[in-house]
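One rule links them: number in the working numbering = place in the sequence shown (from 1) + 4.
Built from N, CA and C at the ideal position, the CB exists for glycine as well.
For reference, the structure is listed below as structure tokens.
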Amino acid sequence: VQASHFEGLITTIVGYVLLAVTLIVCHGLAALVKFQRSRRLLGVCYIVVKVSLLVVVEIGVFPLICGWWLDICSLEMFDATLKDRELSFQSAPGTTMFLHWLVGMVYVFYFASFILLLREVLRPGVLWFLRNLNDPDFNPVQEMIHLPIYRHLRRFILSVIVFGSIVLLMLWLPIRIIKYLLPNFLPYNVMLYSDAPVSELSLELLLLQVVLPALLEQGHTRQWLKGLVRAWTVTAGYLLDLHSYLLGDQEENENNANQQPNNQHARNNNAIPVVGEGLHAAHQAILQQGGPVGFQPYRRPLKFPLRIFLLIVFMCITLLIASLICLTLPVFAGRWLMSFWTGTAKIHELYTAACGLYVCWLTIRAVTVLVAWMPQGRRVIFQKVKEWSLMIMKTLIVAILLAGVVPLLLGLLFELVIVAPLRVPLDQTPLFYPWQDWALGVLHAKIIAAITLMGPQWWLKTVIEQVYANGIRNIDLHFIIRKLAAPVISVLLLSLCVPYIIASGVVPLLGVTAEMQNLVQRRIYPFLLMVVVLMGILSFQVRQFKRLYEHIKNDKYLVGQRLVNYERKSGKPGTSTTPPQSSQE
């Protein structure tokens, strides 16, 4: 227990296990001597302890086992050994266990998401051995209460075997094949330092702000994966004569689909108005229509067990090939593209894989768009290409202004106002790196935009909301430049130039010493920031006092309020218009 570095946690879990065993024994003794109230109380206490321990095992222990197994199976991919993992665990046991738990949790989550995707494609009843998380009748806490411990233990061992086998199939075996076929491809470079002339912070920022949102926020990726799964299922079904088992009988589905409108039409013609029907009845019908179907009959072919075995073999081969492609193709593409930027310097493989994955995604997206345009003719394709080229040009101009110039100026201003006064003494000269300033400016721009959208209504929030509403397809270049880019760039340029002109042009004319000139040049930016913050606070307090004054005046002198329709009356010559009525008395 002491060698595990988690004495308190392990001791607590063992204590809860012993408490559960004690509660079981006491519950049996209470039942033997017919103490009903004590028996019921002990049973409730045992249920609480049992559910707590099962939750710890399901959410804590199982992802931790998966994370460590993933790490062990991928050691050769990173040129590491078990000794390295042991040393890292001894140096930081808490961080190591948390990272492995996090990796295992992500693996379990994506596995469950893929199972949900399979349920949308396959016939109801194929995945009978897996729990349906979308089933409204599925209650995990109720299962933990009712099922005995040995059932949970058997399910836990089966889950460990299934998840571990998939890791062996999709990670350990592809790594062995890659090392045999491509000896120079592995290991991946995952060192924490880099000898590339590009800042790691900038690459991480590009990965988090550009690559991952484009891959995760698009719905096309899930549709493509679902289409691939359906195509594979149809192919395997026809090759092995398991189409009815995997997808169901399509003829019956088509007949049911044809009969359903007729039955619905007949029900509508013979419907009798009943009290209580309406929205509630429609809601129940929708729920019953979209609810899960537990089982759907299928046609059982000859030599069915052999066909199922061949189906499992075909599935394993497909997963192996898919894993080989995912482990090699994005990294190949990313290394080739990064070589034009960084040369022969080694960088983290996370960036190369993300860059290659993004390029592959863009290529597949472009191919699917062209395939969708092909049946419309050459003229329509040229028209679409012209429209998209114009849109891409507008987007590039907007990106240069809003994602290039504005973050660079913002990062440089942040460097002058905050970073340089805090980090560089007065007797040293600060050095500025435009690439890092731009990277920090991107982060600051996103934070400022998010705060602006959450704040009160003013002109910048209105403009940003309008730009978001228009989107990329309906991008208005003139509106963005005139209402957003020009004012923001003007304010940032004034914030950078005016203090510099004062410090370098006006102060030397006053005849001050060189030390005072240096002090003014280095401290004028934070001083002006302090002045702007004070002015903002004072203006806010003045507005608050005005509101307080109006509130006190209304409480003391306001008799009542009356809503009056405003009607503009056109006065005739020689007559005067009546004044509008006051809304307050």
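Q: Taking Leu175 as the reference, give the member of Ser327, Val107, Cys320 with the closest Cα.
A: Minimum Cα distance to Leu175 is reached at Ser327.
- Task: Flag this pair as yes or no: are the beta carbons of Ile17 and Val5 separated by less than 7 angstroms?
- Result: The answer is no: Cβ separation not under 7 angstroms.
ask   = Can you tell me whether Tyr553 is buried or exposed, with buried defined as 16 or more other CB within 10 angstroms of its CB?
value = Of the residues assessed, Tyr553 falls on the exposed side of the cut-off, its CB having fewer than 16 other CB atoms within 10 angstroms.
*asked:* Using the three-state DSSP reduction, which class does Ala96 fall into: helix, strand or coil?
replied: Correct three-state label for Ala96: coil.
- Query: Which of helix, strand or coil does DSSP assign to His555?
  - Reply: When DSSP states are grouped into helix, strand and coil, His555 belongs to the helix group.
Per-residue burial, Phe115 [other beta carbons within 10 Å of its own, 16 or more giving buried]: By the neighbour-count rule (16 or more Cβ atoms within 10 Å), Phe115 is not buried but exposed.
Legend entry - Residue range of the unbroken alpha helix (DSSP H) whose run includes Val492: Per DSSP, Val492 belongs to the alpha helix (DSSP H) from 490 to 505.
Output the boundary residues of the alpha helix (DSSP H) element that contains Trp365. Annotation: the continuous alpha helix (DSSP H) that includes Trp365 extends over 353 to 377.
Outcome for Arg271 when other beta-carbon atoms lying within 10 angstroms are tallied against a minimum of 16:
With a pLDDT of only 45 at Arg271, under the threshold of 50, the placement of this residue in the model should not be trusted; the figure read from the coordinates follows. Counting C-beta atoms within 10 angstroms of its own C-beta, Arg271 has fewer than 16 neighbours from the protein chains shown and is therefore classed as exposed.
Secondary structure at Glu256, three-state DSSP: helix, strand or coil? Only weak support exists for where Glu256 lies, its pLDDT of 44 falling under 50; the value from the coordinates is given anyway. DSSP places Glu256 within a helical segment (H, G or I) once states are collapsed to three.
Exercise for review: Please look up how many angstroms separate the CB atoms of Asn193 and Lys350, rounded, as I've assumed it's under 8 angstroms.
Suggested key: Asn193 to Lys350, Cβ: 5 angstroms. Contact.
>> What does the alpha-carbon distance come out to for the pair Ile528 and Ile476?
In response: Roughly 40 angstroms separates the two Cα atoms.
Since Arg234 and Val125 should fall inside the 8 angstroms C-beta cutoff, what is the C-beta to C-beta distance between them, to a whole number of angstroms?
The Cβ separation is near 5 angstroms, so the contact holds.
Is the region 48 to 59 touching the region 141 to 154 in the sense that three or more CB pairs, one from each, lie closer than 8 angstroms?
Between the region 141 to 154 and the region 48 to 59, the count of Cβ pairs shorter than 8 angstroms is three or higher; the stretches touch.
Q) From what residue to what residue does the alpha helix (DSSP H) around Ala403 run? A) Unbroken alpha helix (DSSP H) run through Ala403: 382 to 404.
Check your understanding: In three-state DSSP terms, what is Lys487?
Key -> Of the three classes helix, strand and coil, the one that applies to Lys487 here is helix, per DSSP.
Quiz prompt | Cβ separation of Ala489 and Leu406, assumed to be a contact under 8 angstroms, to the nearest whole Å | solution = With 8 angstroms as the limit, Ala489 and Leu406 qualify as a contact, their Cβ atoms being about 6 angstroms apart.
Q) What is the DSSP secondary structure of Gln432, reduced to helix, strand or coil? A) If DSSP states are grouped into helix, strand and coil, Gln432 belongs with coil.
May I have a chain-ordered list of the alpha helix (DSSP H) segments no shorter than 4 residues that lie completely inside the region 19 to 75?
-> 40 to 59, all fully within the region 19 to 75.
* Nearest candidate by alpha-carbon position, reference Leu246, set Lys183, Ser543, Phe318 -> Out of Lys183, Ser543, Phe318, Phe318 has the C-alpha closest to the C-alpha of Leu246.
Between which two residues does the alpha helix (DSSP H) holding His247 run? Where His247 is concerned, the enclosing alpha helix (DSSP H) stretches over 247 to 251.
- Query: What distance in whole Å lies between the Cβ atoms of Trp236 and Val171, which are believed to be in contact at a cut-off of 8 angstroms?
  - Reply: A Cβ-Cβ separation of about 21 angstroms leaves Val171 out of contact with Trp236 under the 8 angstroms criterion.
Under 8 angstroms by Cβ, that's how I've got Glu80 and Leu190 pegged, so tell me the actual separation to the nearest angstrom.
Cβ-Cβ separation between Glu80 and Leu190: approximately 7 angstroms, consistent with a contact (criterion under 8 angstroms).
### Message
Can you tell me whether His482 is buried or exposed? The criterion is at least 16 other CB atoms within 10 Å of its CB, across all chains shown.
### Response
His482 comes out exposed.
Quick one: Cα of Arg8 to Cα of Leu315, how far? Inspection of the sequence shows that residue 8 is occupied by Ser rather than by Arg. Taking the straight line joining both Cα atoms gives about 43 angstroms.
TODO: Return the chain-ordered list of same chain residues with a C-beta closer than 8 angstroms to the C-beta of Val112, the five sequence neighbours on each side being excluded.
DONE: Only Phe66, Pro67, Cys70, Phe167 meet the Cβ criterion.
Exercise for review: Compute the beta-carbon to beta-carbon distance between Gln521 and Pro512, rounded to the nearest angstrom, for a pair I have assumed lies under 8 angstroms.
Suggested key: Indeed, because the Cβ distance is near 6 angstroms, the residues count as touching under 8 angstroms.
Smallest Cα separation from Leu186: which of Leu103, Leu333, Cys359?
Of the candidates Leu103, Leu333, Cys359, the residue whose Cα lies closest to the Cα of Leu186 is Leu333.
Just reading off the alpha helix (DSSP H) that Thr456 is part of, what are its end residues? It spans 438 to 458 - the alpha helix (DSSP H) in which Thr456 sits, taken as one unbroken run.
(message) With distance defined between alpha-carbon atoms, name the residue in Asn478, Pro429, Gly360 nearest to Met342.
(response) When the alpha-carbon of Met342 is set against those of Asn478, Pro429, Gly360, the nearest one is in Gly360.
Review point. Between which two residues does the alpha helix (DSSP H) carrying Ser8 extend?
Key: No alpha helix (DSSP H) holds Ser8; DSSP gives it neither H nor E.
On the three-pair Cβ rule with 8 angstroms, is the region 414 to 427 touching the region 441 to 452? With a cut-off of 8 angstroms, the region 441 to 452 and the region 414 to 427 count as touching, because enough Cβ pairs lie within range.
**Report entry** Cβ neighbour criterion (16 or more within 10 Å) applied to Pro434
**Finding:** Flag for Pro434 reads exposed.
**Asked** Out of curiosity, what's the CA-to-CA distance linking Lys183 and Val29?
**Response** One C-alpha to the other measures close to 56 angstroms.
Practice task
Out of Lys230, Asp441, Ala84, Pro144, point me to the one whose CA is closest to Ser117's CA.
Solution key: The option with the nearest alpha carbon to Ser117 is Lys230.
Review point. Beta-carbon of Gly168 versus every beta-carbon of chain B: anything under 7 angstroms?
Key: Considering every chain present, this structure includes no chain B. It has just one protein chain.
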